[in-house]
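Here's the structure we're looking at; comments come further down.
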Amino acid sequence: MKKDKIIGQQLKKVRKQLGLTQADITKDGSIISVGQYSKIENGIHQIDANVLFEILEKNDEIDTMRFLQEVKHQYRLQSDRKINAEELSQKLTMHFYNNDLNGAKAVQKSINKLKKNRELKLRAIITVAVLNNTILEIDEDVKKDISQNAFSTSDWTKKRDSLRLFSNAMQIIDKDVAPVLMAQILKTYDDISSRDVQIQERISSICLNFLYTSFKNQTTKNVPETIELLRHLSDTPSLMFNKILGYYFESLFKGEEMEVSKIENLLRDSNCQNFLHKLLS
Numbered sequence: 225m226k227k228d229k230i231i232g233q234q235l236k237k238v239r240k241q242l243g244l245t246q247a248d249i250t251k252d253g254s255i256i257s258v259g260q261y262s263k264i265e266n267g268i269h270q271i272d273a274n275v276l277f278e279i280l281e282k283n284d285e286i287d288t289m290r291f292l293q294e295v296k297h298q299y300r301l302q303s304d305r306k307i308n309a310e311e312l313s314q315k316l317t318m319h320f321y322n323n324d325l326n327g328a329k330a331v332q333k334s335i336n337k338l339k340k341n342r343e344l345k346l347r348a349i350i351t352v353a354v355l356n357n358t359i360l361e362i363d364e365d366v367k368k369d370i371s372q373n374a375f376s377t378s379d380w381t382k383k384r385d386s387l388r389l390f391s392n393a394m395q396i397i398d399k400d401v402a403p404v405l406m407a408q409i410l411k412t413y414d415d416i417s418s419r420d421v422q423i424q425e426r427i428s429s430i431c432l433n434f435l436y437t438s439f440k441n442q443t444t445k446n447v448p449e450t451i452e453l454l455r456h457l458s459d460t461p462s463l464m465f466n467k468i469l470g471y472y473f474e475s476l477f478k479g480e481e482m483e484v485s486k487i488e489n490l491l492r493d494s495n496c497q498n499f500l501h502k503l504l505s
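So the mapping is simple: the numbering used here equals the position in the sequence shown, first residue as 1, plus 224.
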């Protein structure tokens, strides 16, 4: 029931309960014509507040307070139902960036009640798993579903939360699907050097995760293109490390052991042992 139909529906319900005709409740059309009133009951026209209160006042059989409370109750129910997928998506993103696992779980319950929007449900699964550090424990069938449907919207490569989720879910996405998704990112950000530095940082991080995963999976599809994108990052200090790692992965894929060792030694000398251990694991 739409909100603009609630009052009309409630008037119709009360009128029938009291055994009144439309002529009776409108006092033979003296308050409002029977034809106009009929349109209000059927949700075609909205009722004026003055007309509503005149109807309630002149029909002593109607309990005005009870009538208004029921209308208020119906409005509240309708507001609860109006929580749509977009609002839930925004809440999920907020909890994701706030590292709020409990909040994300609560939103996921609401998302799971939606009849449709499989993509949002899958993003909720990834979000909760990432926050809970259980991404690798996701069921194999769900992993397959994520690979096929989690990034199916036409504009996912332009959404910050979708990009971050893709980066975090890289290790569970099918090795044949990840390069296809990466190709979409490469196409969207082919002009990477002209982008805002924050966007460059975000996309270059995704590129490095893709290169790392590709090397582990021993796949090379879209690897050269990804390395090329890293080469074209701006000469900004905050991007230097990602550019160096791009060169590291290029050397790794080419089997240039001497160049690989140089960068690994540089990382050791720079007291980046933890990062290096993760890189080599």
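By construction, the Cβ of each residue, glycine as well, lies at the ideal position given by its N, Cα and C atoms.
Residue i classed as buried or exposed, judged by whether at least 16 other C-beta atoms fall within 10 angstroms
i: K339; result: exposed
i: V352; result: buried
i: H319; result: buried
i: Y472; result: buried
i: T250; result: buried
i: T381; result: buried
i: M225; result: Confidence is the limiting factor: at M225 the pLDDT is only 47, short of 50, which leaves the residue's position unreliable, though a coordinate-based value still follows. Exposed, because fewer than 16 other Cβ atoms sit within 10 Å of the Cβ of M225.
i: G259; result: exposed
i: L490; result: exposed
i: F375; result: buried
i: F291; result: buried
i: A273; result: exposed
i: G479; result: exposed
i: M289; result: exposed
i: S438; result: buried
Range covered by the alpha helix (DSSP H) that runs through residue i
i: K368; result: 364-373
i: R388; result: 384-393
i: S470; result: Reading off the sequence shown, one finds Gly at residue 470, where the question assumed Ser. Note, G470: alpha helix (DSSP H), 461-478.
i: K315; result: 309-321
i: D324; result: Unbroken run through D324: none, as it is neither H nor E.
DSSP three-state assignment for residue i, whether helix, strand or coil
i: R239; result: helix
i: K329; result: helix
i: T358; result: coil
i: D532; result: Outside the displayed span of the chain (225 to 505) sits residue 532, for which this structure offers no information.
i: C496; result: coil
i: D398; result: coil
i: I255; result: coil
i: E285; result: coil
i: H456; result: coil
i: R419; result: coil
i: S429; result: helix
i: L338; result: coil
i: M225; result: Legend: pLDDT at M225 = 47, less than 50; position of this residue unreliable, value from coordinates given subsequently. Coil.
i: T444; result: coil
i: D248; result: helix
i: Y299; result: helix
The ligand NAP heavy atom lying under 7 Å from the CB of residue i
i: E294; result: This structure simply doesn't include the ligand NAP, nor any ligand for that matter.
Quiz item: Hey, is the segment 278-296 in contact with the segment 229-239, meaning 3+ C-beta pairs nearer than 8 Å?
Solution: yes
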